[in-house]
Structure formats: C-alpha cells, structure tokens
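Engineer: Chains as they are written, first to last, in this note's numbering: chain A, 409 to 639; chain B, 409 to 639.
Ideal Cβ placement from N, Cα and C applies to all residues, glycine included.
Quick one: the structure is below, questions incoming.
Number of protein chains: 2
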Amino acid sequence: MPTPLEKVKSQPDSMKARIFAAAQKLFAQYGYEGTTTRMIAAEVGIDISTLYYHWGEKKELYLAVLENFDNEIGTKLKEIEAIVHGKSLHHRLDVAIEEMCNYLFENIEVTRLILFSSFLKSKDTTDPGVSISEYISNVAVAMGMAMDKSSITPTAKARVMAMVLSLFSFISGETFLRPILDVDPDHYIAVVKETLKFILIPAFTQQTGDLSFNKNDSQADANNSAITGKN
Amino acid sequence: MPTPLEKVKSQPDSMKARIFAAAQKLFAQYGYEGTTTRMIAAEVGIDISTLYYHWGEKKELYLAVLENFDNEIGTKLKEIEAIVHGKSLHHRLDVAIEEMCNYLFENIEVTRLILFSSFLKSKDTTDPGVSISEYISNVAVAMGMAMDKSSITPTAKARVMAMVLSLFSFISGETFLRPILDVDPDHYIAVVKETLKFILIPAFTQQTGDLSFNKNDSQADANNSAITGKN
DNA sequence: AGGATTGTCCATCATATGATGGAAGCGATA
DNA sequence: TATCGCTTCCATCATATGATGGACAATCCT
Numbered sequence: 409m410p411t412p413l414e415k416v417k418s419q420p421d422s423m424k425a426r427i428f429a430a431a432q433k434l435f436a437q438y439g440y441e442g443t444t445t446r447m448i449a450a451e452v453g454i455d456i457s458t459l460y461y462h463w464g465e466k467k468e469l470y471l472a473v474l475e476n477f478d479n480e481i482g483t484k485l486k487e488i489e490a491i492v493h494g495k496s497l498h499h500r501l502d503v504a505i506e507e508m509c510n511y512l513f514e515n516i517e518v519t520r521l522i523l524f525s526s527f528l529k530s531k532d533t534t535d536p537g538v539s540i541s542e543y544i545s546n547v548a549v550a551m552g553m554a555m556d557k558s559s560i561t562p563t564a565k566a567r568v569m570a571m572v573l574s575l576f577s578f579i580s581g582e583t584f585l586r587p588i589l590d591v592d593p594d595h596y597i598a599v600v601k602e603t604l605k606f607i608l609i610p611a612f613t614q615q616t617g618d619l620s621f622n623k624n625d626s627q628a629d630a631n632n633s634a635i636t637g638k639n
Numbered sequence: 409m410p411t412p413l414e415k416v417k418s419q420p421d422s423m424k425a426r427i428f429a430a431a432q433k434l435f436a437q438y439g440y441e442g443t444t445t446r447m448i449a450a451e452v453g454i455d456i457s458t459l460y461y462h463w464g465e466k467k468e469l470y471l472a473v474l475e476n477f478d479n480e481i482g483t484k485l486k487e488i489e490a491i492v493h494g495k496s497l498h499h500r501l502d503v504a505i506e507e508m509c510n511y512l513f514e515n516i517e518v519t520r521l522i523l524f525s526s527f528l529k530s531k532d533t534t535d536p537g538v539s540i541s542e543y544i545s546n547v548a549v550a551m552g553m554a555m556d557k558s559s560i561t562p563t564a565k566a567r568v569m570a571m572v573l574s575l576f577s578f579i580s581g582e583t584f585l586r587p588i589l590d591v592d593p594d595h596y597i598a599v600v601k602e603t604l605k606f607i608l609i610p611a612f613t614q615q616t617g618d619l620s621f622n623k624n625d626s627q628a629d630a631n632n633s634a635i636t637g638k639n
C-alpha cells in the first residue's frame, strides 16, 4: 500500500504534487531559510493560501521533500546492489558510480537538498535528518568491508563516506563547478564519472594489506605512473 | 601595508573584530539567510545598533568574512607549496593532506561557509564568490598536471576538484559525519586524514593504466602530458 | 435545481528582520 | 568643569514572511 507521499506523487498534475515539485526545486536551490512560501507559490503560479490549503505549514512540505528523497535513494541503492551482487569489487564500483551519477544527475535538486539539510544546522530544534548513516553501513557491508552492519569500523565507514561525499559534492555543486570546468552539462556528467572512477577505483581495488575486507579483487599495481612524470 | 580587514583582525578584542568572529561562526553554522543580525549581536552580547555602527549592512559583514577566507586559504596554499616544492607527488599529497586538514579543522566554520556560499544560490544578484577556480588551477599546475594555468584540461581540473571537494566535505560535515563514525574529534581528524590519503594517493600515484572504463579519453601518454594533453 | 464539498484567491494579521535616529555614557583634553 | 568625539543602547520604522479567515467559483451528488 502506498504511503501518503507516494499517493501524491502518483498524480503529478495534482496541485499538491505540483507544489511539492516546486518546493523540492526551490528548497534545493536556496535552502530552507532562503526559500519562502511565496516563492514556492509563485513558482507554481498560485496563491500562498492554496499552498497552505494543501500542505499546511512550510515545515510539513519540507519534511515531505526529505522523506521522499530518503525513500528514493534507498530504493535506488537496493536496485544497484541487485545488479552487481556477486561481481568483483572493481566492477561493482564501476556500475555503482555510473548508476548513482545517472540517478543523482536526474535529481540534482534533491541531491543538493539532502547535502545541505545534513550539513546545515537548523534553528528549529526538530531536525528531520535522513538515514544517510543507514545507507553508509549498508554499502560498507555490500562492498565486503564488514561482515554485518553492527561490526563496521570507523575506518571502513569513513571510506564509504568519502565515496558518497565526492559524488554528492560534484552533483550538488554543479552550478558552481561546471563553469569552472567550462563544459556543457552532458560533458560535465562524463567528466564527473571519469573523475570518480579515477579517484575511487584505484583506492578500493589496491592491495595494501591494511584492508581486512578486500576479498575478490587483486589489482596488481601496474606502475604506469603517467602523472608522476613531472619532477 | 595591511588591508582594512587585516587591521581589524589584528586587534581581536576590538568590537569590530569580535563582531567579525561571531559573524563568521554563525554564518557558517546557519548560512547567510539563516543568520540574523540579532543573532550575531546576541552572540557578542551587544545591541544590533552597535553591529550596524561598526559594519554597516549585513552583507558587508558577510563579504568581509568571505574575503578573509579567500586571503587565508591563498596564503596557506602558498605555504604548503613552498614546503613540498620539488618533492615526489606521493610526498606532496601526503604533506598537503596533512597540512590542509590541520588548517581547515582549525577553521571549520570558515570551511563550511565557503562550501555553502559556493554551492547555495543567493537571492541577491550580487554574488560574492571566492576564487576557488584560481586555486584549483594553481594546484593543478603545482602537481604537474599542466604546464601553465592557461592550458589545464577539464579532466585535470576535475581531479583537483575531487580532492578539494572530499577535503571540504569531510570538514564541513563534521558535526553531521562524526556522530556516524562515533569517534571523538581528535580521532575524527585522524580518520579523515587517513581516508583522504587512502582515496587520493593511489589514484594520483599509481595510475593503473586503465581509465579503461571510459570511452574516448585515450591518454596513455607517458610523462606529464597524460593529463596536460589538450584534446 | 439546490445544496454540499472542494479548490482558489484576496485581504489581512502577527511576528521577525534589516536598518536607522537619537539619547546617553565615557574618556580625553583644554 | 565644559566640550568634543567615540561608542553603545533604546525605541522605532518599513518590509518580508509565515499563517489564517472568508468570499467566490467550480464541481459533484441527490
């Protein structure tokens, strides 16, 4: 049975869903404090009263946006895990980076939102909070960095975090970072994927002995140091 | 000759400097919109009029905070470059990560601020903007990824970006991430350093020959032209 | 048709916030 | 002491914002 939010989203033309979409976009662009109910209403082209009629107070709308992301990201992670289950770590990373990039780039606003809502303090005491921690643990287990979710070392968690942070940063910062790279949106996605693979795959597939979790991937260090050439 | 801002900071007990410090802290915690002049005044323990007397409008104070960071980070990067100049890339990365972590952890608020001010849109048209782009180019050149600042490929810039983003994310998100790792502050710094080295050093020093996953970028070129090669 | 329900907007309120003017305090100097 | 300049605070304003009540219109149901 669908959650109340799923029911709303299943009718994208409904006023409640249109308001939701506008709110998602604006909250992500300007943050919670920086977004006013009037901005949201204007984006939809309605009166603020209509907004309040459908959603009640601003915070309710904000929480719905967060809750929605939480569900979506969880579903997406399970999807990816199903695809790559049993494959080599190298292959898993490749697919995961590819898939997560595609997904998050289609939802840049939400990606921004989750990063900011996690990092920025709220003056309100009622912090919503998305279950990022849960996902990190799941990924760590899925990558074979721990036997189960209760026995994950801080080191392992931090390494998964590094992956997530890189990914989220590149996508959340697109409007800021892309002009620096001076590429068009499609190229930006490609560059980000390539960069993430460049950064992450060597780290996780190397044999360094201090990794208690490395199981099925022995990537001999080919000493093709193309970058170290200088000096 | 000191800049106006340096002059202010040189007298830490002066009202103007105390206001500056409080503003820096609060802007970083709550963002620009989420911070009110009354909050800043309350933090210092003064009336808002006193704040306006010393700094004028809110935006002026905000810009000063950004400008200050801009100067500090630029200085720090030059310091690090001076220390590691001529050393191996591995050693440079090791020192740079160590030094930047130490520095940024001593200035978590400012680190947060710069990340948010870059990533969050402002309703005001006058975007301040810090010269991140400049620093990325400098680092790319310093790492031997390009001959000069005018000939840096998007790929090279993106790789430097990945370093910067990881670093900034881990530090900006400390209040959110540390509870997930469940470690004390000192341990958190250590874990972050170790994780960044784990992630970054293999990528930049081993270069396992396969950027095999991505299509076009065939740059198996030897020496430092692998990245600098303009396509 | 007639009434109820639903959805939308206009007008409005209460509060928070950016900003200012003026009075009062305080120290230095003549 | 009197005066001046610098600093701080109180009172206040104008606007923006979250939120609400009520009027009006459209739709549905009998």
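Touching or not, the region 590-607 of chain B and the region 539-554 of chain B, by the rule of three or more beta carbon pairs under 8 Å?
Structural biologist: As far as the Cβ criterion goes, the region 590-607 of chain B does not touch the region 539-554 of chain B, which means the pair count is below three.
Engineer: Could you give the DSSP three-state label for Asp-592(B): helix, strand or coil?
Structural biologist: Counting from one through the second sequence, the residue named residue 592(B) turns up at place 184. In the structure shown, Asp-592(B) sits in coil (DSSP, three-state: anything other than H, G, I, E or B).
Engineer: When DSSP labels each residue in this structure, what does Gln-419(B) get in the three-state scheme?
Structural biologist: Mapped onto the second sequence, residue 419(B) falls at position 11. Gln-419(B) falls in the coil class under three-state DSSP.
Engineer: So with CB distances below 7 Å, who are the chain B contacts of Val-599(A)?
Structural biologist: As a working mapping, residue 599(A) is identified with position 191 in the first sequence. Per Cβ cutoff of 7 Å: Pro-562, Thr-563 and Ala-566.
Engineer: Expressed to the nearest angstrom, what Euclidean distance is found between the alpha-carbon atoms of Thr-483(B) and Tyr-511(B)?
Structural biologist: Here residue 483(B) is taken as the residue at index 75 of the second sequence, counted from 1. Here residue 511(B) is taken as the residue at index 103 of the second sequence, counted from 1. Near 11 Å, if we compare the C-alpha coordinates of Tyr-511(B) and Thr-483(B).
Engineer: Between the alpha carbons of Ala-429(B) and Ser-526(B), how many angstroms are there, rounded?
Structural biologist: Residue numbering aside, residue 429(B) sits at position 21 when the second sequence is read from its first letter. Residue numbering aside, residue 526(B) sits at position 118 when the second sequence is read from its first letter. Looking at the two C-alpha atoms, the distance is approximately 20 Å.
Engineer: Could you list which residues in chain B have their beta carbon closer than 9 Å to that of Asp-592(A), in chain order?
Structural biologist: Along the first sequence, one-based indexing puts residue 592(A) at 184. Simply none; closest approach about 11 Å.
Engineer: Any Cβ of chain B within less than 8 Å of the Cβ of Gly-617(A)?
Structural biologist: Your numbering for residue 617(A) matches position 209 in the first sequence. Any reading at Gly-617(A) is ruled out, since the residue's pLDDT is 42, under 50, leaving its predicted position unreliable.
Engineer: DSSP three-state call for Gln-614(A): helix, strand or coil?
Structural biologist: On the first sequence, position 206 is the one that residue 614(A) refers to. Three-state DSSP puts Gln-614(A) in coil, outside helix and strand.
Engineer: Just verifying my parser: in three-state terms, what is the DSSP assignment at Thr-411(A)?
Structural biologist: Along the first sequence, one-based indexing puts residue 411(A) at 3. Note: Thr-411(A) maps to coil in three-state DSSP.
Engineer: Can you tell me whether DSSP reads Met-571(B) as helix, strand or coil?
Structural biologist: Stepping through the second sequence from its first residue, residue 571(B) is reached at position 163. Three-state result, Met-571(B): helix.
Engineer: Residues of chain B with a CB under 8 Å from the CB of Tyr-470(A): which are they?
Structural biologist: Mapped onto the first sequence, residue 470(A) falls at position 62. What Tyr-470(A) touches in chain B: nothing, since even the nearest Cβ is about 13 Å away.
Engineer: Looking only at its chain, what residues have a beta carbon closer than 8 Å to the beta carbon of Asp-421(A), apart from the 5 residues adjacent to it on each side?
Structural biologist: Taking the first sequence and counting its residues from 1, the one referred to as residue 421(A) is at position 13. Cβ neighbours of Asp-421(A) beyond the five flanking positions: none.
Engineer: Give the straight-line distance between the Cα atoms of Glu-507(B) and Ile-505(A), rounded to the nearest whole angstrom.
Structural biologist: The residue labelled residue 507(B) in the question sits at position 99 within the second sequence. The residue labelled residue 505(A) in the question sits at position 97 within the first sequence. Between Glu-507(B) and Ile-505(A), the C-alpha separation is close to 29 Å.
Engineer: At a cut of 8 Å, does the region 511-521 of chain A reach the region 573-582 of chain A through at least three beta carbon pairs?
Structural biologist: Yes, the region 511-521 of chain A is in contact with the region 573-582 of chain A.
Engineer: What in chain A is Cβ-close to Lys-433(B), meaning under 8 Å?
Structural biologist: As a first step, residue 433(B) must be located in the second sequence, where it is residue number 25. Chain A residues near Lys-433(B): none, gap ~11 Å exceeds 8 Å.
Engineer: Would a check of beta-carbon distances place Lys-466(A) closer than 8 Å to chain B?
Structural biologist: As a first step, residue 466(A) must be located in the first sequence, where it is residue number 58. Closer than 8 Å: no.
Engineer: So, using beta-carbon positions, are Leu-471(B) and Ile-427(B) closer together than 8 Å?
Structural biologist: One-based indexing of the second sequence puts residue 471(B) at position 63. One-based indexing of the second sequence puts residue 427(B) at position 19. No; because the gap between Cβ atoms is not below 8 Å, this pair is not in contact.
Engineer: Within 10 angstroms of the Cβ of Ile-491(A), are there 16 or more other Cβ atoms? Answer buried if so, exposed if not.
Structural biologist: What you label residue 491(A) is simply residue 83 of the first sequence in a count that begins at 1. Under this definition Ile-491(A) is an exposed residue.
Engineer: Which residue comes first and which comes last in the alpha helix (DSSP H) that contains Ala-554(B)?
Structural biologist: What you label residue 554(B) is simply residue 146 of the second sequence in a count that begins at 1. Counting along the chain, Ala-554(B) falls outside any alpha helix (DSSP H), and DSSP gives it neither H nor E.
Engineer: Span of the alpha helix (DSSP H) holding Lys-466(A)?
Structural biologist: Residue numbering aside, residue 466(A) sits at position 58 when the first sequence is read from its first letter. It spans 466-492 - the alpha helix (DSSP H) in which Lys-466(A) sits, taken as one unbroken run.
Engineer: Label Lys-557(B) either buried or exposed according to how many other C-beta atoms from any shown protein chain fall within 10 Å of its C-beta, with 16 as the threshold for buried.
Structural biologist: The residue given as residue 557(B) occupies position 149 in the second sequence. Counting Cβ neighbours within 10 Å, Lys-557(B) comes out exposed, since fewer than 16 surround it.
Engineer: Return no unless some Cβ of chain B is closer than 8 Å to the Cβ of Leu-606(A).
Structural biologist: The sequence position of residue 606(A) within the first sequence is 198, counting from 1. The sequence shown places Phe at residue 606(A), not Leu. Yes, its Cβ sits closer than 8 Å to a Cβ of chain B.
Engineer: For Met-569(B), which residues in the same chain have their Cβ closer than 8 Å to its Cβ, ignoring the five residues on either side in sequence?
Structural biologist: In the second sequence, residue 569(B) corresponds to position 161, counting from 1. So the list reads Ile-544, once near-sequence residues are dropped.
Engineer: For Ile-488(B), which residues from the same chain have a beta carbon less than 8 Å from its beta carbon, with the 5 sequence-adjacent residues on both sides left out?
Structural biologist: Translated into positions along the second sequence, residue 488(B) becomes position 80. Cβ within range, chain order: Val-503, Ala-504, Glu-507 and Met-508.
Engineer: I'd like to check one pair, Ala-548(B) with Ile-560(B): are the Cβ atoms closer than 8 Å?
Structural biologist: Position 152 of the second sequence, counted from the start, is the residue given in the question as residue 560(B). Position 140 of the second sequence, counted from the start, is the residue given in the question as residue 548(B). Cβ distance < 8 Å, so Ile-560(B) and Ala-548(B) count as in contact.
Engineer: Could you have a look at Gly-581(A) and say whether DSSP puts it in helix, strand or coil?
Structural biologist: Looking up residue 581(A) in the first sequence gives position 173. Coil, per DSSP.
Engineer: Taking Cβ-Cβ distances shorter than 9 Å, what residues in chain A pair up with Thr-519(B)?
Structural biologist: Numbered from its first residue, the second sequence carries residue 519(B) at position 111. Going along chain A, no residue has its Cβ under 9 Å from Thr-519(B), so there is no contact; the nearest lies around 11 Å.
Engineer: Grab the span of the alpha helix (DSSP H) containing Glu-514(B) for me, first residue to last.
Structural biologist: If you number the second sequence from 1, residue 514(B) lands on position 106. First-last for Glu-514(B): undefined, no H or E at that position.
Engineer: Taking buried to mean at least 16 other C-beta atoms within 10 Å of its own C-beta, is Val-416(B) buried or exposed?
Structural biologist: For the purposes of this step, residue 416(B) is identified with residue 8 of the second sequence, where counting begins at 1. With 16 or more Cβ atoms within 10 Å of its Cβ, Val-416(B) is classed as buried.
Engineer: Per DSSP, what kind of secondary structure is Thr-444(A) in: helix, strand or coil?
Structural biologist: Against the first sequence, residue 444(A) aligns to sequence position 36. Of the three classes helix, strand and coil, the one that applies to Thr-444(A) here is coil, per DSSP.
Engineer: What first and last residue would you give for the alpha helix (DSSP H) that runs through Ile-456(A)?
Structural biologist: The residue given as residue 456(A) occupies position 48 in the first sequence. Residues 456-463.
Engineer: So Ile-544(A) contacts chain B; which residues on that side make the cut at Cβ distance below 8 Å?
Structural biologist: Position 136 of the first sequence, counted from the start, is the residue given in the question as residue 544(A). Neighbours of Ile-544(A) on chain B, chain order: Ile-588.
Engineer: Please go through the same chain and pick out, in chain order, the residues whose beta-carbon is closer than 7 Å to the beta-carbon of Ile-456(A), but skip the five residues on each side of it.
Structural biologist: Start at 1 with the first residue of the first sequence, and residue 456(A) comes out as number 48. Excluding positions up to five away in sequence, the list reads Thr-445, Arg-446 and Ala-449.
Engineer: Nearest-angstrom Cα distance between Thr-616(B) and Leu-501(B)?
Structural biologist: Residue 616(B) sits at position 208 when you count from the first residue of the second sequence. Residue 501(B) sits at position 93 when you count from the first residue of the second sequence. Below a pLDDT of 50, predicted positions are generally treated as unreliable, and Thr-616(B), at 46, falls in that range; the measurement from the model is reported next regardless. Using only the alpha carbons, I get a separation of about 18 Å.
Engineer: What does a CB cutoff of less than 8 Å around Thr-613(B) pick up in its chain, not counting 5 residues either side in sequence?
Structural biologist: Here residue 613(B) corresponds to residue number 205 of the second sequence, with the count starting at 1. For Thr-613(B), where only same-chain residues beyond five positions count, the Cβ hits under 8 Å are Leu-497, His-498 and Leu-501.
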